[in-house]
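Sequential numbering from 234 applies to the sequence shown in the working numbering.
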Amino acid sequence: MSEAEVNAFISRNLDTGDLPFDRPIIVLRDGNGVEILGQITLGRLLADSPFAAAAQTLPTRWTSRPVWLHLAAHAQFEPGPRRQLRLDVRRVAVGQQRVPAWTLRVMFDPARLRFLRMPLPDTVADVRIQTGRMVIRPTSSRERI
């Protein structure tokens, strides 16, 4: 699957509530690297975080301004009865400012981070990420038995 196909699939099939930001852009890198960029208004970012009270003190023109959220993650296929593709976030940036990766879990409700663990059907044997493409290997009929 090419990077363009992954982005088209995401834009057509993910509900807006499945991601913490709008208009995601997915960039695929060698070594199972995935970068996800998206926009979120400053007010929405603060409202989901422990700083919700601070959002009420800011002018509306600030809270309505979109900021870029940039995540760099390592994708790992987890085989077994509950197959999934897990994204291990290694870097986070809000706008130009890098923040520790753990702040992602503080900034957003856990339900908004479901996209970090994507369930896969039994017909998927492996997933590898390379620059510009995602390689999905299907299970053979022998592997399904």
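No residue lacks a Cβ here, since even glycine has one placed at the ideal position from N, Cα and C.
I need the straight-line Cα distance from residue i to residue j, nearest angstrom please.
i, j, result
"Ser297", "Ala286", "16 Å"
"Glu311", "Arg294", "44 Å"
"Trp301", "Thr364", "22 Å"
"Val322", "Ala305", "6 Å"
"Arg361", "Asn265", "6 Å"
"Gln272", "Ala288", "17 Å"
Using a threshold of 9 Å, state whether the C-beta atoms of residue i and residue j are closer than that.
i, j, result
"Asp251", "Phe348", "yes"
"Arg366", "Glu236", "yes"
"Asp342", "Asp281", "yes"
"Gln317", "Arg350", "yes"
"Ala334", "Arg324", "yes"
"Arg338", "Val357", "no"
"Pro257", "Leu278", "no"
For residue i, count neighbouring Cβ atoms within 10 angstroms of its own Cβ and tell me buried if that reaches 16, exposed if not.
i, result
"Pro292", "exposed"
"Met381", "Within the shown structure, residues of the chain are numbered from 234 to 378, placing residue 381 beyond reach of any answer."
In terms of DSSP beta bridges, what is residue i paired with?
i, result
"Val260", "Glu268"
"Met351", "Leu318"
"Pro371", "Val357"
"Asp255", "Gln272"
"Arg245", "DSSP, once it has assigned bridges, lists no residue as partnering Arg245."
"Arg366", "Ser235, Gln363"
- Unbroken stretches of the beta strand (DSSP E), 3 residues or longer, contained in the stretch 280-336: 299-311, 317-327, 330-332
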